[in-house]
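Working notes for the structure below.
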Amino acid sequence: MIDQMPDAEKPAAVRIPARNQRQAMDWSLVLASQSIPARLEAVGEETYWLEVAEGDAAKTHAALNLFQAENRRWRWQRRIPTTPLIFHWGSLVWVAVILVLHVITSRDLALYDAGIMNAASVRLGEWWRPITAVTLHADTAHLTANAMSGFLFLGIAMGYWGAGIGLLAALLAGVAGNFAGWAVYKETARIVGASGMIMGAIGLLAVAPMPVGSLRRLPLQVLLRGLTPALFLFVLMGFGPGTDWIGHTAGFVAGMLFGLFLNPLRRRAALRAKLSQPAMIVAVTLFAAAWIALARH
Numbered sequence: 001m002i003d004q005m006p007d008a009e010k011p012a013a014v015r016i017p018a019r020n021q022r023q024a025m026d027w028s029l030v031l032a033s034q035s036i037p038a039r040l041e042a043v044g045e046e047t048y049w050l051e052v053a054e055g056d057a058a059k060t061h062a063a064l065n066l067f068q069a070e071n072r073r074w075r076w077q078r079r080i081p082t083t084p085l086i087f088h089w090g091s092l093v094w095v096a097v098i099l100v101l102h103v104i105t106s107r108d109l110a111l112y113d114a115g116i117m118n119a120a121s122v123r124l125g126e127w128w129r130p131i132t133a134v135t136l137h138a139d140t141a142h143l144t145a146n147a148m149s150g151f152l153f154l155g156i157a158m159g160y161w162g163a164g165i166g167l168l169a170a171l172l173a174g175v176a177g178n179f180a181g182w183a184v185y186k187e188t189a190r191i192v193g194a195s196g197m198i199m200g201a202i203g204l205l206a207v208a209p210m211p212v213g214s215l216r217r218l219p220l221q222v223l224l225r226g227l228t229p230a231l232f233l234f235v236l237m238g239f240g241p242g243t244d245w246i247g248h249t250a251g252f253v254a255g256m257l258f259g260l261f262l263n264p265l266r267r268r269a270a271l272r273a274k275l276s277q278p279a280m281i282v283a284v285t286l287f288a289a290a291w292i293a294l295a296r297h
């Protein structure tokens, strides 16, 4: 448990002692991610304190203890230096999965054809295609680009929202992108690739800096802080030559909508941690069910 010590000179504040400077910096970033104002103070060469308002003491106590508990259980999570963001190395598992599937489907073109997003086949009841298409790629260059960008942005989304929540939301955003392509291209749609899912992860991060609660009278600087870099990435990555801009746009917008829906969870770290595991189970189940259905077909 985190010990708390009241400040004798400032009765409205609470000081939290840290073991060293690194721990104090980590804790200050944790509090920043939860929108809890804190002041870092050095007392001597080896003593550091975090000072928070007395009204935020309970939230601070819960957030720091959850952070320590999660880092004892999950060595996959690493904080990105100088930012309040956490990177989740679980995205590396996702990269390994799409690499293995690419090798398998490259040797079995019939399996590849049965997994891509084919509008006519979906109309005939092959429901798995919008999901399996997210994990398939046309060639090595396509795979490499998506693996590299997905590793980064999916890892940040999983770290920020929780591994299971971030993965499931990004996957559903990619599926939404495939359905958008189906709606626009009609019977000619033959869509493949994880780009829509990656755009969904970027959309999730676009709304991350927005304040918790009502979005009315949202300060312009807060709005632009997340949307500006996200929109830049979206345009840079989503509108290249030969890309499926319809699916990319739908995936990005779906990711933003999921982020707005998940917004209340940002200050409820304990609830977010509880929901992350069931969300991971749902994501893995969807993926496994789709590929089992494809294999049986």
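According to this note's numbering, the stretch in the sequence shown is residues 1 to 297, in order. Even glycine gets a Cβ: it sits at the ideal position worked out from N, Cα and C. If you're wondering where the values come from, they're calculated on a predicted model, not measured in any experiment.
With contacts defined as CB atoms closer than 8 angstroms, LEU205 and ALA141 fail to qualify as a contacting pair. With the rule of 3 Cβ pairs closer than 8 angstroms, the stretch 286 to 295 counts as touching the stretch 122 to 137. Sequence-distant Cβ neighbours of GLY255 in its own chain, meaning closer than 6 angstroms and more than five residues away, are ALA173, GLY200, GLY203, LEU204. Boundaries around ARG123 are those of the alpha helix (DSSP H), 119 to 123, since no beta strand (DSSP E) includes it.
Judged by their CB atoms, LEU154 and SER91 are nearer to each other than the 8 angstroms cut-off. Nearest neighbour of LEU265 by Cα position, chosen from ILE191, ALA180, TRP161, turns out to be TRP161. Rounded to whole angstroms, the gap between the alpha carbons of LEU286 and SER276 is 15 angstroms. In this structure, the straight-line span from the alpha carbon of LEU111 to that of ILE36 is close to 51 angstroms. Excluding five sequence positions before and after ASN146, the CB atoms of its chain that fall closer than 8 angstroms to its own CB belong to ILE98, HIS137, GLY193, ALA194, SER195, ILE198, given in chain order.
About 7 angstroms separates the Cβ atoms of GLU51 and ALA38, confirming a contact at the 8 angstroms cut-off.
Just measuring C-alpha positions, the residue of ALA58, GLU126, ASP108, VAL93 sitting nearest ALA13 is ALA58.
A direct Cα-Cα distance of roughly 16 angstroms separates PRO229 from GLY150.
GLU126 and TRP182 have their C-alpha atoms some 13 angstroms from each other. DSSP places PRO130 in the uninterrupted alpha helix (DSSP H) bounded by 129 to 132.
Distance from the Cα of LEU171 is smallest, within the candidate group ALA273, LEU85, VAL282, for VAL282. Beta bridge pairing from DSSP links TRP49 with PRO17, GLU41.
For ILE86, the enclosing beta strand (DSSP E) has its first and last residue at 86 to 88. Where GLY240 is concerned, there is no enclosing alpha helix (DSSP H), because DSSP gives it neither an H nor an E.
Annotation for GLY162: no alpha helix (DSSP H) segment contains it, and DSSP assigns it neither H nor E. The residue from LEU109, ARG296, GLY166, HIS297 with its alpha-carbon nearest to that of PHE261 is GLY166.
In terms of CA proximity to THR60, SER28 leads the group ALA42, SER28, HIS88.
Counting the other CB atoms within 10 Å of its CB gives ILE104 a total below 16, which places it among the exposed residues.
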